[in-house]
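Enquirer: Chains A and B supply the protein sequences, listed in that same order.
Residue 1 is where the first sequence starts when you use the working numbering, and the numbers rise one by one after that.
Residue 1 is where the second sequence starts when you use the working numbering, and the numbers rise one by one after that.
Quick reminder that beta carbons are idealized off the backbone N, C-alpha and C, glycines included.
Structure incoming, see below.
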Amino acid sequence: MSQDPKCHDFQLGAKKALDDERLQTLLGRTLENGFQKKRLQGMSRLPEYEQLRDQARDLKDHVLDHLDMYLARFEAEVTKAGGQVHWARDAAEARDIILDICIKAEAKTVSKGKSMIAEEIGLNDHLIANAITPIETDLGEYIIQLRDEPPSHIIAPAFHISKEQVAETFKDSHTHLDPDRDLSEPTTLLNEARGELREKFLRADVGITGANILVAETGTAMIVTNEGNGDLTQDLPPVHIALTSIEKVVPTLEDATLILRLLARTATGQEQSVYNTFFTGAKRPTDIDGPDEYHVVLLDNGRSELLGSEFRDILRCIRCGACINHCPVYGVTSGHAYGWVYPGPMGSVLTPHFVGIEEAHLLPGASTFCGRCEEVCPVRIPLPQLLRNWRVRAFEKGLSGGAQRLGLGVWAALARRPWLYRLTMNFAIAALGMLARGKGSFKRLLGAGGWTKTRDLPAPQGGTFQSRYAKGER
Amino acid sequence: MSARKDIFARLKTTLDRVHNPTVRYSGADQRIQDGSPALIPERGRSGGPAKTALFASEAERADADVRRLAHMADVPGVVKRILTEAKITALKAAPDKTLQAMDWADIGVAFGRGEGSDHIGLSVAYGGVAETGTLVMASGPRSPTTLNFLPDVHMVVIREEDITANYEEVWDRLRVEAESDAPRLPRTVNWITGPSRTADIEQTLLLGAHGPRKLIILLIDAQTS
């Protein structure tokens, strides 16, 4: 994944997505008829769901208040269990730490479990530039790696690719296989990928995974998968690196359990993902498998700064993808339009922090503030409020367009002078009502082309709200 | 300044600004000692035969194949039938003492860690969680993690006595006391709920992504002596 953000091209990307019929079909199947329904089914099987959400929110807030303490305890326990913890202030430091470990292990190939942090730091490109081959093992990640594309969703990275496209990609990439083989069925595609990746798993010199949760009391890190790929990645190679960020720590195993009762259910509607794998330190002397060497790379990358800002609540995020799955904007633009690693509402809060509001100011703007993201968030992050905070910052920096500033200026001038506001509104409504006499709505109206291009604008009927209210209409 | 020092300094400065450091510091230690106040859902509070039944039905819901056996000694017979059905003669089993002591007769059994070429594997679960039909596997000299993922078909023996109502009870059993110098958990603990799967191709659910295509749970009835 290229690290260069293309967030400033959001409108272009959105238009491209809207014109792509195939993508629109896949979006509908994946979101409205997929993740949204599955989440509802999952919720219906756990009556305590809402209560657990409150507890998860409180847990994460407690952790954020004591973040340094829990990280210190986590580090001490990892060390006790034969692992090593590395600290990275930013993406470049994290990349160098990992490259160093790989070089010391004389690694030629690295197997990778799915990790958004690896995307955040642009790890693959860095390894390739240093003659080390990273192999993505999650099926979706494998497909997009072959196609040299970034993920379009944090938990379904290749949902935007049709099975015909996957077949094409496999024929182009697996050139040692019969070019006339039948790849029309998803099962055949899966079996081919399984066969190709099995060998690579077994031969990899280093395995790199992310971590969904870190447990302070035991120094345990854990990953969640359905395929079993991350689990083989953490177990087979002689060296295992867990790359993760500082806000993922919780106090105890029971706290991790609380999050796990919510995570899969909210993401995919499953009771649990198939594999929840917890790892603590390196292989023990009497164990017959597992990595001899174990490293945890803990990335800050500006999170300590977020902690003291008005965006602090985003640090509760457990990366379930629910806000993305329920966002009406993401639902038509898909992920690539957002132009960087994290898409959707959580992405529009995180991305301006990582790449700068100058580059990403269109993202917090790409929201109707409908509030569905906050409604479905398992840790109750007030996403619309956080997006609003970014809009304020963008406005203060003069990043919003001239028309927007003018509009807001005019409105502010009116709102501060009630008599003028009433006068203007009465005049405007009377004028619009007259213009539309007999039609009830406008097909075209000067200055409202953005609206009337795709739908009619209803004409005002009767007086303003304030005048009708004053007359006693209730 | 090292990255570590720098990160800790930044966190401390930010957090101490809003909270009294002394209260904050004792708060974290106290919280680990006291444990999580989180709720255990009703479904995680089953008992008796209902607990076993819940474990089995939830595991089946996740596409596991659950077979109930009266005695541990019945395992080789059932395994033999599964091997015959699959037309496979070789079995890779975890070097577990109970499994090693069984009479395998004409089954070609090898004991050890999982290999890429294994078709059928047999392991013994550390525990099972009724709440979601989840198996708990703990790595160790007699329980290789590789065997949970590499074979096409994974068979797991679980004793009814080892099934708990919820995850919290398994943690209580597994966790080594904090005062000990030993690591507090085995190197790898796997919760396994059903066979491997993916929906990465057009959201079509397919079993057997990288891990086992089939998960067969051999549930041994509690032994009343």
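Of the residues Lys214(B), Met72(B), His210(B) and Glu131(B), which one's Cα is nearest the Cα of Ile120(B)?
Expert: That would be Lys214(B), whose Cα lies nearest to the Cα of Ile120(B).
Enquirer: With Ala56(A) and Pro378(A) assumed to form a contact (beta carbons below 8 Å), what rounded beta-carbon distance in angstroms separates them?
Expert: Contact flag correct, Cβ pair sits at about 6 Å.
Enquirer: Under 8 Å by Cβ, that's how I've got Ser115(A) and Gly210(A) pegged, so tell me the actual separation to the nearest angstrom.
Expert: Confirmed, about 3 Å.
Enquirer: Check each residue of the region 268 to 282 of chain A: if its Cβ is closer than 9 Å to any Cβ of chain B, include it; give the result in chain order.
Expert: Hits within the stretch, in order: Thr268, Gln270, Glu271, Gln272, Ser273, Val274, Tyr275, Asn276, Thr277, Phe278, Phe279, Thr280, Gly281 and Ala282.
Enquirer: Can you find the residues in the same chain that come closer than 6 Å, C-beta to C-beta, to Val206(A), ignoring five residues on each side of it along the sequence?
Expert: Taken in chain order, the residues that qualify are Cys102, Ala105, Ala107, Val110, Pro237 and Val239.
Enquirer: Kindly identify the DSSP beta-bridge partner or partners of Leu206(B).
Expert: Answer is Thr198(B), bridged to Leu206(B).
Enquirer: State yes or no: is the C-beta of Val85(A) within less than 8 Å of the C-beta of Glu75(A)?
Expert: Yes; because the gap between Cβ atoms is below 8 Å, this pair is in contact.
Enquirer: For a contact meaning CB atoms closer than 8 Å, what does Thr175(A) contact in chain B?
Expert: Correct list: empty, because the minimum Cβ distance to chain B is about 21 Å.
Enquirer: What does Lys51(B) reach in chain A if we use C-beta pairs closer than 9 Å?
Expert: Neighbours of Lys51(B) on chain A: none; closest Cβ ~16 Å, over 9 Å.
Enquirer: On a Cα-Cα basis, can you pick out the residue from Tyr49(A), Lys80(A) and Ile259(A) that is closest to Arg284(A)?
Expert: Closest by alpha carbon: Lys80(A).
Enquirer: What is the rounded straight-line gap between the Cα of Asn190(B) and the Cα of Tyr275(A)?
Expert: Going by the C-alpha atoms only, they are around 7 Å apart.
Enquirer: Quick one: Cα of Phe149(B) to Cα of Pro134(A), how far?
Expert: Going by the C-alpha atoms only, they are around 21 Å apart.
Enquirer: Under 7 Å Cβ to Cβ from Leu147(B), same chain only, skipping five residues before and after it: list those, please.
Expert: Taken in chain order, the residues that qualify are Lys92, Ala94, Arg113, Gly114, Gly121 and Ser123.
Enquirer: Please list the segments of the beta strand (DSSP E) lying wholly inside the region 144 to 173 of chain B, counting only runs of 3 or more residues, in order along the chain.
Expert: Those beta strand (DSSP E) runs which fall completely within the region 144 to 173 of chain B and span 3+ residues are 153 to 159.
Enquirer: Along chain A, in chain order, which residues have C-beta atoms closer than 8 Å to that of Ala209(B)?
Expert: Here the neighbours are Leu139, Leu190, Arg194, Asn226, Glu227, Gly228 and Asn229.
Enquirer: In chain order, what residues of the same chain have a beta carbon less than 6 Å from the beta carbon of Thr145(B), not counting five sequence neighbours either side?
Expert: If we look at Thr145(B) and ignore the five residues flanking it on each side, its Cβ neighbours are Ser139 and Thr188.
Enquirer: Leu386(A): buried (16+ other C-beta within 10 angstroms of its C-beta) or exposed?
Expert: Under this definition Leu386(A) is a buried residue.
Enquirer: So, does the CB of Ser334(A) fall closer than 8 Å to a CB anywhere in chain B?
Expert: With 8 Å as the cut-off, Ser334(A) does not count as an interface residue toward chain B.
Enquirer: Could you please tell me which residues of the region 123 to 139 of chain B, in chain order, have their CB closer than 7 Å to any CB of chain A?
Expert: Residues passing the 7 Å Cβ filter: Thr132, Thr134 and Ser139.
Enquirer: What would DSSP say about Trp191(B), mapped onto helix, strand or coil?
Expert: In this structure, Trp191(B) counts as strand in the three-state DSSP scheme.
Enquirer: Say whether chain B places a C-beta atom closer than 8 Å to the C-beta of Ser367(A).
Expert: By this cut-off, Ser367(A) is not an interface position.
Enquirer: Using a beta-carbon distance cut-off of less than 9 Å, what residues from the region 41 to 60 of chain A approach chain B?
Expert: Those would be Arg45, Leu46, Pro47, Glu48, Tyr49, Gln51, Leu52, Gln55, Ala56, Asp58 and Leu59, in chain order.
Enquirer: Could you check whether the Cβ of Ala86(B) sits closer than 8 Å to any Cβ belonging to chain A?
Expert: So no, Ala86(B) is outside the interface.
Enquirer: May I ask you to report which of helix, strand or coil DSSP gives Tyr294(A)?
Expert: Three-state DSSP puts Tyr294(A) in a strand.
Enquirer: Less than 6 Å between C-beta atoms, sequence neighbours within five positions excluded: which residues of the same chain meet that for Lys60(A)?
Expert: Contacts found: Arg316 and Val379.
Enquirer: Tell me whether Gln84(A) sits in a helix, a strand or coil according to DSSP, three-state version.
Expert: It is a strand residue.
Enquirer: Using a Cβ cut-off of 8 Å (strictly closer), state whether Ile475(A) contacts chain B.
Expert: The question about residue 475(A) has no answer here: the residues shown for chain A are numbered 1 through 474.
Enquirer: Quick one, are the C-beta atoms of Arg39(A) and Ala322(A) less than 8 Å apart?
Expert: Cβ atoms of Arg39(A) and Ala322(A): closer than 8 Å.
Enquirer: So Glu358(A) and Leu408(A) are in contact, right, with Cβ under 8 Å, and what is the actual spacing, rounded?
Expert: Not confirmed; about 20 Å, so no contact.
Enquirer: Three or more C-beta pairs under 8 Å: does that hold for the region 12 to 28 of chain A against the region 323 to 335 of chain A?
Expert: In short, these stretches touch, since the Cβ pair count reaches three.
Enquirer: Closer than 8 Å, CB to CB, is Ser196(B) near chain A or not?
Expert: With 8 Å as the cut-off, Ser196(B) counts as an interface residue toward chain A.
Enquirer: Helix, strand or coil: how does DSSP classify Thr224(B) here?
Expert: Looking at Thr224(B) - three-state DSSP - the assignment turns out to be coil, as it is neither helix nor strand.
Enquirer: Counting only the same chain and skipping the five closest in sequence on each side, list residues whose C-beta sits under 7 Å from that of Ile132(B).
Expert: Looking at the sequence itself, residue 132(B) is Thr, so the reference to Ile does not match. Here the set comprises Glu58 and Thr193.
Enquirer: Taking the Cβ atom as the reference point for each residue, do Asp172(B) and Ser143(B) lie within a distance shorter than 8 Å?
Expert: The answer is no: Cβ separation not under 8 Å.
Enquirer: Would you call the CB atoms of Leu69(B) and Leu206(B) closer than 8 Å?
Expert: It is not a contact, given that the beta carbons lie outside the stated cut-off.
Enquirer: Does the separation of the CB atoms of Ala459(A) and Ser441(A) fall below 8 Å?
Expert: In contact: Ala459(A) and Ser441(A) (Cβ atoms closer than 8 Å).
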